[in-house]
């Protein structure tokens, strides 16, 4: 998680499309919608809603260009969890003092 947060804070143009090691260094440069949604979640957790939206838009565009069930599902779930309360407020339950 720390590696993802560091990557999100760096704000590099290509963050979200890689697999990262525990030291935060890229392991592979394969891109898919799930890695972009995961990076969007890290950006949101790091307090960067603009970067979160950018990464979600990239995931949506990638899925639209090459739709697959798995990618489409993660894009939809990521958007719902990260930007709405449609599925409940899961993050509030994970934070001490959350409702």
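Residue numbers (the working numbering): 131 to 229. Beta carbons are placed, not taken as given, at the ideal position from N, Cα and C, and that holds for glycine. Please read all numbers here as calculations on a predicted model, not as lab measurements.
CB contact below 9 Å: residue i versus chain B
{"i": "residue 178", "result": "Among the protein chains of the structure shown there is no chain B, as only one such chain exists."}
Collapsed DSSP secondary structure at residue i in the structure displayed
{"i": "residue 207", "result": "helix"}
{"i": "residue 213", "result": "helix"}
Residue i vs residue j beta-carbon contact at 9 Å
{"i": "residue 166", "j": "residue 200", "result": "no"}
{"i": "residue 185", "j": "residue 169", "result": "yes"}
{"i": "residue 183", "j": "residue 213", "result": "yes"}
{"i": "residue 171", "j": "residue 218", "result": "no"}
Contact set for residue i: own chain, Cβ-Cβ below 7 Å, skip 5 residues either direction
{"i": "residue 131", "result": "A caution first: residue 131 carries a pLDDT of 46, below 50, which makes its placement in the model too unreliable to give a value."}
Own chain residues within Cβ distance below 6 Å of residue i, not counting five before or after
{"i": "residue 308", "result": "Outside the displayed range of the chain (131 to 229) lies residue 308, so it cannot be described from this structure."}
Secondary structure, alpha helix (DSSP H): runs of 4+ residues fully inside the segment 146 to 203: Here the runs fully enclosed are 163 to 175, 179 to 195.
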